[in-house]
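J.: Sharing a structure, written as structure tokens. Questions coming.
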Amino acid sequence: MATTDEKPVPAPESRFTVSPLTLAADRWMGRLIRIGGVGVVVAVLGMLGFLIFQVFPLFVGAKVSPTSSLAVPAEAVAFGEDEYGEFPFVVRRDGSILFQRAKDGTKLLEWTPALGERRVTAIRSYPRTGLVFLGLSDGAVQEVRVVYRSTFDDAGKRTVEPVVTPLEPVAIGRAGLPCVDVWDAKGPQSRLLLVRQEEGGKPLLTAVRLTERKGLGGKGKVTVSAPFVVAADAASVDQVLLPSTAESLLVIGRSGEVRAYADDGTAFTFLQSFTPFKGAADPAVAAAGLIFGNVSVVLVDRAGAQQVWSMYPQLQPDGKSLRRWGKIHEGEPLAGAGQGIYAAVGNKCYLAAAAGRLQLINMTTGTVRWEGPAPAAPLRQVAFAGGYDRITALTADGQLHRWAIVDHHPESSWRTFFGKIWYEGASAPAYAWQSSAGSDEFEPKYSLVPLFYGTVKGTFYALLFALPIALTAAVYVSQFLRPEYRQVVKPVMEVMASLPSVVLGFLAGLWLAPLVDPRLVSLFCAIGILAPAALSAGFLWSVLPQPVRRQVKPGMEFLWLLPFLALCAWAAWQAGPAIESCFFTVKDTATGLPIADFREWWRQTTGATYDSRNSLVVGFVMGFAVIPIVFTIAEDALSNVPDSLVSGSLALGASRWQTVWSVVVPTAVSGIVSAVMIGFGRAIGETMIVVMATGNTAVMDFNPFSGMRTLSANIAVELPEAAAGHTHYRALFLGACCLFLLTFVLNTVAEILRQRLRERYKVV
Amino acid sequence: MPSLMTPPSTSRIQVRPAAEREGRKDYISIRDYGFWYGQKKALEAISLDIPERQVVAFIGPSGCGKSTLLRNLNRMNDLVDGIRHEGDITINGRSIYDPGLEVISLRRRVGMVFQKSNPFPKSIFENVVYALRVVGVRDRALLEEACETSLRKAALWDEVKDRLDDSALGLSGGQMQRLCIARAIANRPEILLMDEPCSALDPIATGKIEELIHELKEQFTIVIVTHSMQQAARVSDRTAFFYLGKQIEYDTTEKIFMNPSQAQTEAYISGRFG
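Just so you know, the protein sequences line up as chains A and B, in that order. Residues in the first sequence are numbered consecutively from 8, following the numbering used here. Residues in the second sequence are numbered consecutively from -10, following the numbering used here.
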């Protein structure tokens, strides 16, 4: 070696010193990496935190706080108010109406009816519509309309001026008898005015219909029908419940018998009668109230027991299904005899007054959202404001009490999301997801259970298809295929993994589903034949003489297997229609002729539905999304089994298959488990394929020929149309939270399992 | 360069006299055997006979083809791509390349112990009875008996008899290698191939395995590849020296170490190259 060109060695001191740059780089890179690691944890926790933050308000009860109390004349028996509650009015016993400013109680306006000889004997006020009905001493009824007219002056200051418009009294009841009570309701065609009178101690209910025909211009003309008696067969009348739609009528007798009548267009016909508290010591109904939507009624007895009855389709003895009243809930008993049931507007909550307590209760879930003391004096009238933000109550001591409600999610509770709930109008308790409908009275149903079910169902069918294929493919490619082909197959599978799932969903929904639909039997045959065909191909191969087999290099046998399988599948596909006509011929319900149709056969034989976009299509295509991931990870795990173990097994005289099954697979099992779990996670979270290839119906059956709605698809479909902050919006976030926790738990379990298996099968 | 003609210095090496036993003298017969990995010729014109129930050591510097030859005796090289051979190897008169002979059956007859111990990630018991399991033995009593016999033969029984169901991966390096030997002899093969079985072991473990080879010789024909001259001298009856894929010399161990006929052999065993 030449020594002359050699550079002089550095001085000993500098040789051993570490440059500050090296140390600084080391330190800074260490910090940077730590920031990255902590950042990941923070991001995940932040996500969970955000979800919980969005979901949390769902589980907060209502806040109801008394705001003000206004002194009104003590003889006030009814009240009404404007939208903002600024200018309430009370109706005195004599029918005069007094407007006061809520802020300071100053008198704004006083109106007195001009009735001449007649007196006011009954008063009913509907605060939401501003209608006041005065029942008169001769059986007639005068309607008084209250309108608040707002004007703005130049400075933009709003002045509200109440306007009272009395209409001509309408004769309804038996002439000469005073009205005891009066009700009004607006049906689809006409309005109904109902009065109650007492005739010789017997109650008498009389009604008229008011039909308004709109003229071409100007005011409509109101036609008043001839008065007709309703519920004449009721032995006694304690309370009358007239739904705001006027389509039916509930008359509660003193004995606790509830008689239901229905408007058939001309008269109210008797529908059914029931005694809710039949077995109780005192079967009388102490308080009752119709709930918003008019198909449910809450009944409370004198002991405080609560029942909810609703109208739903019931099978009659003659086999017909008719809408009848039936009990759907028994609520938590109140503290004492029910004093009043007051329904909220816009949701299914009601205020129950009993034994000096007020409870705000959700009818559907039975949850008590708020409880507080009632005013000392008896309640005369209680009304919720239209926006469900205020309760106003008039008490017998001349006070108008008000409470402010803060209850953003009155329909939510744990039972709403996870429990089986008997919704009003439904024939049985159910887990249901139905977030919106056409009518305002519709009650949204937010059960996450069908979505969980759909998620599990979709995942099950996807994995049923994907796991056998992916895992056997991984074993084949890693253990049997020649390396040069393996180098091609693996990247191709990885490219498959990067296929956007929206493309797969598109293919599934628009191409595969219609293709598979008429040839279902063919498809089953073609898939079913593959395994036996592969086995028989192996058998045929093994009986071939050695010289022929030696022509094919080991690992190249697939060259002969593939055409064989393709041929078998093609033959099975072609044989499909013949098999269908052999086994699946049924009578066509429309024509009565026999037809070979698996779909019809399935419907008729199992009674289950058949949808074109069904779980099989989803499972098939979602399987395609899952296969590459499972395959890649499992193949890696299998390939990483040391050759020394394979050699050791082969040298002991084990066949390749024995080696794979008893040495390679157990050694790689931790990797295979994580492959399966990651595939599982992918299938659970998969969204676009499910959105596009299923009907997105939140059904609860495991029928392979029906669709599903998964948690993730549900979020994708509904989040864009959910109002931010609304229960629907938060329910979707709750779904996301559940999905997060589900995958989190699954991944954790998978990781623990993997670690244990790795410990057990670790290789030296 | 030192002269190849100088007499071998054997003072360092203790040679065991060749114990001639009854049995076929050409139990394994290798005739004009050549072997290629792709284009690379790994073995050339090998011809040697291995007598029954003797220990034959293959020695030579790294890359001389001794391991390749060993691995061809049970056709483990079949797993490698692009291999080719010429000539023939017969065991008890039958060619190992006989189309009618399944390679699996050959390997059941010719057991192998590898350089690096490779116990399966299973229990000790399952490791030992693996060869019986793949043959299809289900009888628990039979398996237990075979396990005990093999472990006793491998001088491991006393150390592991109380923890047969523990993982084999918890054993020490020497124990693992003896477990691999026990595993290889559990199904009573006729020939045992050992590919540098002690190269990763400490002297005590090596001693135990060498003792073992002596005892196993009573029942098995053993071919051992080793880098250790002393080991070859201690355990083998006959020794073959390979160099660059060629068989330089094959004779009784005594002869090879005391009085080799080839200068290369002499140079190698006296430590002057390799």
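Glycine residues also receive a C-beta, built at the ideal position from the N, C-alpha and C atoms.
Tell me the rounded alpha-carbon separation between T504 of chain A and I634 of chain A.
T.: Reading off the sequence, residue 504 of chain A comes out as Ala, not Thr. Rounded to the nearest angstrom, the two C-alpha atoms are 8 Å apart.
J.: Going by DSSP, name the residue or residues bridged to D184 of chain B.
T.: Answer is B:V214, bridged to D184 of chain B.
J.: Taking the alpha carbon of D805 of chain A as the point to measure from, which residue in A:A383, A:G394, A:Q149 has its own alpha carbon closest?
T.: Shown here, chain A extends from 8 to 771; a query on residue 805 of chain A therefore has no answer.
J.: Can you check which of these residues, A:K114, A:D89, A:V202, is closest to L143 of chain A by C-alpha distance?
T.: Closest option to L143 of chain A, Cα to Cα, is A:V202.
J.: If you measure between the beta carbons of N107 of chain B and P649 of chain A, is that distance less than 9 Å?
T.: Yes. Within cutoff.
J.: Do you know how far the Cα of R557 of chain A is from the Cα of V490 of chain A?
T.: Position check: residue 490 of chain A holds Pro in this sequence, whereas Val was assumed. Rounded to the nearest angstrom, the two C-alpha atoms are 19 Å apart.
J.: Going by C-alpha distance, which of A:L367, A:K560, A:R22 is nearest G71 of chain B?
T.: Measuring from the Cα of G71 of chain B, the nearest candidate turns out to be A:K560.
J.: From what residue to what residue does the beta strand (DSSP E) around P3 of chain A run?
T.: An answer regarding residue 3 of chain A cannot be provided, because it is not within the stretch 8 to 771 covered by chain A.
J.: Determine the DSSP secondary structure at S26 of chain A, reduced to helix, strand or coil.
T.: Three-state DSSP puts S26 of chain A in coil, outside helix and strand.
J.: Does the beta carbon of G655 of chain A sit closer than 9 Å to a beta carbon anywhere in chain B?
T.: Yes, G655 of chain A counts as interfacial toward chain B.
J.: Taking C-alpha atoms, which residue in A:S317, A:P290, A:Q406 lies nearest to Y430 of chain A?
T.: Ranking the options by Cα distance to Y430 of chain A, first place goes to A:S317.
J.: Report all residues from its chain with a CB closer than 7 Å to the CB of Q220 of chain B; omit the five preceding and five following residues, and keep chain order.
T.: Taken in chain order, the residues that qualify are C187, E199.
J.: Is it true that the CB of L306 of chain A sits closer than 9 Å to the CB of P774 of chain A?
T.: Nothing in the structure corresponds to residue 774 of chain A, since chain A is present only between 8 and 771.
J.: Could you name the residues that DSSP lists as bridge partners for C186 of chain A?
T.: Looking at the DSSP assignment, C186 of chain A forms a beta bridge with A:Q204.
J.: In three-state DSSP terms, what is H416 of chain A?
T.: It is coil, neither helix nor strand.
J.: Report the residue from B:E179, B:T242, B:V102 whose alpha carbon sits nearest the alpha carbon of V224 of chain B.
T.: For V224 of chain B, the nearest C-alpha among the options comes from B:T242.
J.: Roughly how many angstroms separate the alpha carbons of T276 of chain A and A269 of chain A, rounded to a whole number?
T.: Their backbone Cα atoms lie some 5 Å apart in a straight line.
J.: Any contact between the region 328 to 335 of chain A and the region 437 to 455 of chain A? By contact I mean 3 or more CB pairs, one from each, below 8 Å.
T.: No, they do not touch.
J.: For A661 of chain A, go through chain B and note every residue whose CB falls closer than 7 Å to its CB, in chain order.
T.: Under the 7 Å cutoff, chain B gives V123.
J.: CB A481 of chain A to CB M101 of chain B, shorter than 9 Å?
T.: Going by C-beta atoms, A481 of chain A is not nearer than 9 Å to M101 of chain B.
J.: Is DSSP giving K110 of chain A helix, strand or coil here?
T.: If DSSP states are grouped into helix, strand and coil, K110 of chain A belongs with coil.
J.: What does Y483 of chain A reach in chain B if we use C-beta pairs closer than 9 Å?
T.: Per Cβ cutoff of 9 Å: no residues; Y483 of chain A is ~17 Å from chain B at best.
J.: List the endpoints of the continuous alpha helix (DSSP H) containing I174 of chain B.
T.: It spans 162 to 174 - the alpha helix (DSSP H) in which I174 of chain B sits, taken as one unbroken run.
J.: Can you give me the start and stop residues for the alpha helix (DSSP H) that P195 of chain A sits inside?
T.: Note, P195 of chain A: premise wrong, no alpha helix (DSSP H); not H, not E.
J.: Mind checking if R96 of chain B is an interface residue toward chain A, Cβ cutoff 9 Å exclusive?
T.: Taking Cβ atoms only, chain A reaches closer than 9 Å to R96 of chain B, which makes this a yes.
J.: Starting from P192 of chain B, trace the alpha helix (DSSP H) in both directions and tell me its first and last residue.
T.: Where P192 of chain B is concerned, the enclosing alpha helix (DSSP H) stretches over 192 to 205.
J.: Give the residues of chain A in contact with N63 of chain B, contact being defined as C-beta atoms less than 7 Å apart.
T.: Chain A residues near N63 of chain B: A658.
J.: Does any residue of chain A have a CB that is nearer than 9 Å to the CB of L58 of chain B?
T.: Output row for L58 of chain B: interface = no.
J.: Quick check: what's the CA-CA separation for I179 of chain A versus G742 of chain A?
T.: About 55 Å.
J.: Against chain B, does L760 of chain A count as a neighbour if the rule is that its beta carbon must be under 9 Å from one of theirs?
T.: Closer than 9 Å: no.
J.: Decide if the region 71 to 86 of chain B is in contact with the region 136 to 147 of chain B; the criterion is three or more beta carbon pairs, one per stretch, under 8 Å apart.
T.: Counting Cβ pairs under 8 Å, fewer than three are found: no touch.
J.: Would you kindly report the start and end of the unbroken alpha helix (DSSP H) that includes W580 of chain A?
T.: Run containing W580 of chain A: 565 to 590, per the alpha helix (DSSP H) assignment.
J.: If you measure from the beta carbon of I81 of chain B to each beta carbon in chain A, is any gap under 9 Å?
T.: First, the residue type needs correcting, since residue 81 of chain B is Asn and not Ile in the sequence shown. No, N81 of chain B does not count as interfacial toward chain A.
J.: Between the Cα of L145 of chain B and those of B:V92, B:A171, B:K55, spot the shortest distance and give me the residue it belongs to.
T.: Closest option to L145 of chain B, Cα to Cα, is B:A171.
J.: Decide if the region 307 to 316 of chain A is in contact with the region 232 to 248 of chain A; the criterion is three or more beta carbon pairs, one per stretch, under 8 Å apart.
T.: The region 307 to 316 of chain A is not in contact with the region 232 to 248 of chain A.
J.: On the premise that T128 of chain A lies in contact with P185 of chain A, defined as a C-beta separation below 8 Å, what is that separation, rounded to the nearest angstrom?
T.: Right, their Cβ atoms sit about 4 Å apart.
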